[in-house]
Amino acid sequence: MNKHAGLFLASAASIVLLPPIAQAASPVDMVLSKFYDSYDTQKSCWRARVDMSEDICCLNIKRQDQLKTPQETRLYLLLTGSCIAIINGEVQDYNSHSSTGMVGAFILDLDNEKASIIAASPKLDMGSWGHPPADWLWIKLGRNHYWGWVTKEGYTGQGVTVSNYSILAPHGEKISLLNIPADMNDAGSCDEETACLITDVTSHLETDSAQIDQPVFPLLLTLKGKIKGQPVSPKPWVFLFDPHTWSYTTPAGFPPELSSE
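Quick note, the sequence shown lines up with residues -24 to -1, 1 to 237 if you use mature numbering (1 follows the signal peptide of the UniProt record, and there is no 0).
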């Protein structure tokens, strides 16, 4: 067995998959109504206005996970939604990869069927072409019941496809958005008349939960493929967490072609 606990594995004893939200609709809805404009019964979603604009997003509950700790029972609630532009009173779809969808992340304390807020970031700009990332995992990011979410998002521009891992990590009363590189393919940018040294890299991410002395576990990123025509090393790159900047640090020697810094 790998000594590192994989990002995509979690202890069954720690996780309780909840039934549909209807069983806890009242307390959860009361919380969400504090952050969003209204509930659209026709589209069955929470309407949220994009800051500093008239654009509208429509968010649905993507996943909900419950964690029991010695102090409390927590509900980890993730909402995602697509956004549309309102221009001169007319509805238009977002038409660029830089136009994001919206994600809402909440950690609630369930006490006697009531929900109080531990941490919340209701309007995170994530995704592209007006849509949020589709696939999400709920993961243990550190010791002392420190859990969050992870997804992969990216875009294609001028023949180059890049993506990164986006991690939602609790930070005080907010949920911080952290990023590290994931995949890259620049084959589409090659001129047929030019001999191109293609970069085509995929990756696998896992948490190094063997580092039990770390409040936030390091991340292990393993690359596969080639960079400028040369095979990449299969060794795992260790991204340590810096509590002062509240971010993961890029390790020395990491391929600059993939670095987001």
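Cβ coordinates follow ideal geometry from the N, Cα and C atoms, glycine included.
Note that this is a predicted model, so its numbers are computed, not measured.
Next item on the list: Could you spell out the range, first to last residue, of the beta strand (DSSP E) harbouring residue 243?
Entry: Any property of residue 243 remains undetermined from this structure, which presents the chain solely from -24 to 237.
Next item on the list: Can you grab the Cα-Cα spacing for the pair phenylalanine 82 / glycine 205, in whole Å?
Entry: Within the sequence shown, the letter at position 106 stands for residue 82. Within the sequence shown, the letter at position 229 stands for residue 205. Computed Cα separation, rounded: 43 Å.
Next item on the list: Note the first and the last residue of the continuous beta strand (DSSP E) segment covering serine 179.
Entry: Within the sequence shown, the letter at position 203 stands for residue 179. Its beta strand (DSSP E) spans residues 176 to 183.
Next item on the list: Using the Cα positions of valine 208 and cysteine 172, report the straight-line distance between them to the nearest angstrom.
Entry: On the sequence shown, position 232 is the one that residue 208 refers to. On the sequence shown, position 196 is the one that residue 172 refers to. Computed Cα separation, rounded: 17 Å.
Next item on the list: Compute every distance between the C-beta of leucine 35 and the non-hydrogen atoms of the ligand MN, then say whether any falls below 6 Å.
Entry: This structure simply doesn't include the ligand MN, nor any ligand for that matter.
Note to self: Quick check: the Cα distance between serine -11 and cysteine 166, rounded to an integer number of angstroms?
What the structure shows: For the purposes of this step, residue -11 is identified with residue 14 of the sequence shown, where counting begins at 1. For the purposes of this step, residue 166 is identified with residue 190 of the sequence shown, where counting begins at 1. Low local confidence applies: a pLDDT of 42 at serine -11 is under 50, so the model's placement there is unreliable, with the coordinate-based value given in what follows. Cα to Cα, serine -11 sits roughly 48 Å from cysteine 166.
Item checked: glycine 164, DSSP secondary structure in three states -> Taking the first residue of the sequence shown as position 1, residue 164 is located at position 188. In the structure shown, glycine 164 sits in a helix (DSSP, three-state: H, G or I).
Next item on the list: Classify isoleucine -4 as helix, strand or coil using the three-state DSSP reduction.
Entry: For the purposes of this step, residue -4 is identified with residue 21 of the sequence shown, where counting begins at 1. Interpretation of isoleucine -4 is limited by its pLDDT of 47, a score under 50 that renders its predicted location unreliable; no figure is taken from the coordinates.
Next item on the list: Might you give, ordered along the chain, the residues of its own chain that have their beta carbon closer than 7 Å to the beta carbon of leucine 154, omitting 5 neighbours on each side?
Entry: Position 178 of the sequence shown, counting from 1, holds the residue named residue 154. Hits under 7 Å: Ile143, Ala145, Ser223, Tyr224.
Item checked: Identity of the residue in Leu43, Leu181, Ser72 nearest threonine 132 by Cα -> Residue mapping note: residue 132 aligns to position 156 of the sequence shown, counting from 1. When each option's Cα is compared against that of threonine 132, the closest is Ser72.
Note to self: Quick check: what's the CA-CA separation for aspartate 41 versus tryptophan 123?
What the structure shows: In the sequence shown, the residue the question calls residue 41 occupies position 65. In the sequence shown, the residue the question calls residue 123 occupies position 147. Approximately 10 Å, taken between the alpha carbons.
Notebook entry, point to check: Helix, strand or coil: how does DSSP classify proline 146 here?
Noted result: Residue mapping note: residue 146 aligns to position 170 of the sequence shown, counting from 1. Of the three classes helix, strand and coil, the one that applies to proline 146 here is strand, per DSSP.
Notebook entry, point to check: From asparagine 64 to aspartate 16, what distance separates their C-alpha atoms?
Noted result: Counting from one through the sequence shown, the residue named residue 64 turns up at place 88. Counting from one through the sequence shown, the residue named residue 16 turns up at place 40. The alpha-carbon atoms of asparagine 64 and aspartate 16 are separated by roughly 22 Å.
Item checked: Residue of Ala158, Trp112, Asn120 minimising C-alpha distance to glycine 130 -> What you label residue 130 is simply residue 154 of the sequence shown in a count that begins at 1. Here the closest residue by C-alpha is Ala158.
Note to self: Here's a check: name, in chain order, each residue in its chain whose Cβ is nearer than 6 Å to the Cβ of glutamate 233, leaving out the five neighbours to either side.
What the structure shows: As a working note, residue 233 is residue 257 in the sequence shown. Closer than 6 Å at Cβ, skipping near neighbours: Thr175, Ile203.
Next item on the list: Find out if the Cβ-Cβ distance for the pair phenylalanine 193, threonine 183 is shorter than 7 Å.
Entry: On the sequence shown, position 217 is the one that residue 193 refers to. On the sequence shown, position 207 is the one that residue 183 refers to. Cβ distance < 7 Å, so phenylalanine 193 and threonine 183 count as in contact.
Notebook entry, point to check: Would you call histidine 220 buried or exposed, if buried means 16 or more other Cβ atoms sit within 10 Å of its Cβ?
Noted result: Here residue 220 refers to the residue found at position 244 of the sequence shown. Label assigned to histidine 220: exposed.
Check: What do you reckon, are the CB atoms on glycine 80 and proline 108 nearer than 7 Å?
Finding: For the purposes of this step, residue 80 is identified with residue 104 of the sequence shown, where counting begins at 1. For the purposes of this step, residue 108 is identified with residue 132 of the sequence shown, where counting begins at 1. Cβ atoms of glycine 80 and proline 108: not closer than 7 Å.
Check: Do you know whose CA, among Gln187, Asp189, Lys211, lies nearest threonine 198's CA?
Finding: The residue labelled residue 198 in the question sits at position 222 within the sequence shown. Of the candidates Gln187, Asp189, Lys211, the one whose C-alpha sits nearest the C-alpha of threonine 198 is Lys211.
Next item on the list: Return the first residue and the last residue of the beta strand (DSSP E) that alanine 61 is part of.
Entry: Within the sequence shown, residue 61 is the residue found at index 85, counting from 1. Run containing alanine 61: 49 to 63, per the beta strand (DSSP E) assignment.
Check: Considering residue 239, what are the terminal residues of the beta strand (DSSP E) in which it resides?
Finding: No answer is possible for residue 239: the residues shown for the chain start at -24 and end at 237.
Note to self: Taking 8 Å as the limit between beta carbons, can you name the residues of its chain near aspartate 5, skipping five residues before and five after?
What the structure shows: Position 29 of the sequence shown, counted from the start, is the residue given in the question as residue 5. Answer for aspartate 5: Tyr15, listed in chain order.
Next item on the list: Go to leucine 173, then tell me how far its beta strand (DSSP E) extends in each direction, as first and last residue.
Entry: Numbered from its first residue, the sequence shown carries residue 173 at position 197. Neither: leucine 173 is in no beta strand (DSSP E) and is coded neither H nor E.
Item checked: Neighbour-count burial assignment, serine 185, 16 or more Cβ in a 10 Å radius -> On the sequence shown, position 209 is the one that residue 185 refers to. Burial of serine 185 is indicated by the presence of at least 16 other C-beta atoms within 10 angstroms of its C-beta.
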